[in-house]
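Numbered according to the working numbering, the sequence shown terminates at residue 389, and the numbering increases by one at each position without gaps.
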Amino acid sequence: MLILGAGMAGLVAGYELMKLGHDVTILEARPRPGGRVHTLREPFSDGLFAEAGAARIPDDHDLTHKYVKEFALPLEPFYPSRLHALRFDRGGREEVPIDGFTSAMEGHFGYDLGGNPERWQKIKGGTDLLPKAFADRLGNKIQYGSPVVRIEQDEKEARVVFLNAARRQTMTADNVLCTIPFSLLRDVEIPGLSSQKRDIIKNTRYDAVARVYLQTRDRNWEERGLNGFAFANGPIEIWQPTWSQPGPRGILMTYARPGEAEKITKLKENERVSTTLKQLDGMFGGVRESFERGSTKCWTEDEWSRGAWAFVGFDKFALGIAREGRLHFAGEHLSQWPSWMQGALSSSLRAVKEINELVKV
Ligand SMILES: Cc1cc2nc3c(=O)[nH]c(=O)nc-3n(C[C@H](O)[C@H](O)[C@H](O)COP(=O)(O)OP(=O)(O)OC[C@H]3O[C@@H](n4cnc5c(N)ncnc54)[C@H](O)[C@@H]3O)c2cc1C
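This is the structure in structure tokens:
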């Protein structure tokens, strides 16, 4: 059994199929597990960290919670209950309790991103602890640095061609589970794939997300009663991921979605940082004087994601036929929770069931 991609979808499939007695190998292009779950521990000082991708877990994402619990990972509140957040989306600058931030989120994005702040949690120590926990259990079943370039099949077997140190290699399997985002799958040769699936893979648009991180020498905004969270016009979220990490240094970050993210992505790295510094200094005051270094993450530039997320939906893609011969599909884009870890997990558990019913162990 071959699994393509070691993001949340590929990892949970590998883990569950392994537990069911299947012989699995995972081919992953990057040198690390987790895909869009990526905790940035550099270039920050003192062990501080911030999330490039998945950060928040809502209380109703049962599958995400199930695996957090299975691997005994500690959770903590996502939002601080102390001090005030800022809101700029109602005309002027307002200082609000943190539920003013989540109600702004709800107003702009719906309940899926809003509600009571207490329903939101994060993994203490960084979200990447979750994919690492899966990867630890899978051990050498994951082959890193192995981008897939071709998938073919016949009555006898499936064959996957991938690069290893730039040389083409082929692995064979009875079945293949592909969790590669469509933004990259469109460049993989798949002879014989049905034209409906090919069209969807080619035409699926991935959203842009841009995040800019500013490390500061201290958290002087706290002296003015602010917790470092803000909802700007745009709408752009501002977080202080370090509010629950030891000080004195801090990180303030912006989280721009489609509409704003493309504009930030177009800028050079130093311009992204300088415009964000100006923006956040204007909001909180004192940011410029304590600024130490900046960094950025623009997801459309990510070599192995080329975008943040996509809305396809499994039914539209499957058109009544979930798999194509020996080839099965999963990933956040094929779920009812796109743009969430829960989506990657649920779509993959569907595929695990499909494969387990098909292949006797
Ligand atoms: C900015 C951002 C914020 C988010 N916030 C949250 C949040 O707060 N909470 C939450 O629950 N979720 C959040 N998510 C969503 C969550 O991270 C994703 O839905 C989930 O991680 C996707 O998992 P996946 O396995 O489907 O895809 P991926 O994680 O993309 O995994 C696919 C894997 O395939 C690999 N790959 C690509 N091409 C090839 C190839 N040719 N050969 C081999 N391997 C290849 C990639 O390197 C990658 O590891 C966020 C995502 C982003 C980008």
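C-beta atoms are modelled at their ideal positions from N, C-alpha and C, and glycine is treated no differently. Because the structure is a prediction, the values reported are computed rather than measured.
Which partner residues of A82 appear in the DSSP bridge assignment? None; A82 has no bridge partner.
K184 in three-state terms, based on DSSP: coil
Quick check on R226: does DSSP put it in helix, strand or coil? helix
Tell whether a beta-carbon distance below 7 Å holds between L157 and G42. no
If we require 3 or more residues per run, which beta strand (DSSP E) segments fall completely within the segment 307-357? 319-326 and 355-357
Secondary structure of R69, DSSP reduced to three states: coil
DSSP has E104 in a bridge; who is on the other side? K150
Using 7 Å as the threshold, is the C-beta distance between S318 and R233 below it? no
Could you check the C-alpha separation between W249 and D202 for me, to the nearest Å? 58 Å
Given a cut-off of 7 Å, decide if R115 and F259 are closer than it, judged by their beta-carbon atoms. yes
For G119, count neighbouring C-beta atoms within 10 Å of its own C-beta (all shown protein chains included) and say buried if the count is 16 or more, exposed if not. exposed
Give the DSSP-derived three-state secondary structure of W249 in the structure shown. helix
Leaving out five residues before and five after Y172 in sequence, what residues of the same chain have Cβ atoms less than 6 Å from its Cβ? E56 and P59
Of all the alpha helix (DSSP H) runs that stay within the bounds of the segment 240-297, which reach a length of 4 or more residues? 289-294
For G253, which option in E70, P125, G341 and K184 has the closest C-alpha, if you only look at C-alpha atoms? P125
Tell me whether L157, by its Cβ, gets closer than 6 Å to a heavy atom of ligand 1. no
Under the criterion of a Cβ to heavy atom distance below 6 Å, does L55 qualify as lining ligand 1? yes
Does the Cβ of E385 have 16 or more other Cβ atoms within 10 Å, making it buried, or fewer, making it exposed? exposed
Under DSSP, the beta strand (DSSP E) around V237 begins and ends at which residues? V237 -> no beta strand (DSSP E), and no H or E assigned at all.
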